[in-house]
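I have placed the structure first, in the form of structure tokens, so that the comments after it can refer back to it.
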Amino acid sequence: MPMDKLLTRTDPNTIRQLLAEKSLPPTVETSINAFLVNTGKNLVLIDTSNGTQANSNVGKVQKNLLAACYRPE
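Number 68 in this note's numbering belongs to position 64 of the sequence shown; there are no gaps in the numbering.
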């Protein structure tokens, strides 16, 4: 994920500089998770989303719910 897009409350140039000082590229590996919790009485979906990031590696919650035999609705 491009860190200068993810960390929006910091100057993008500062982010790139700090990453370069640690020999890290401006795009780093991260994770975005959603959790489906079965309380025994209810299913609770915890999904904090990733905002408006356009990224082909995200946005798979519905597909993964179906793959786990849960209906999104």
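Ideal placement from N, C-alpha and C gives every residue a C-beta, glycine not left out.
Residue range 47-51 is occupied by the beta strand (DSSP E) that includes Ile50, with no alpha helix (DSSP H) assigned at that position.
Remark: C-beta atoms of Asp51 and Ala38 approach each other more closely than 8 Å. For Ala71, the enclosing alpha helix (DSSP H) begins and ends at 65-71. Beta-bridge annotation (DSSP): Pro6 is paired with Thr31. In the DSSP assignment, no residue is bridged to Leu23.
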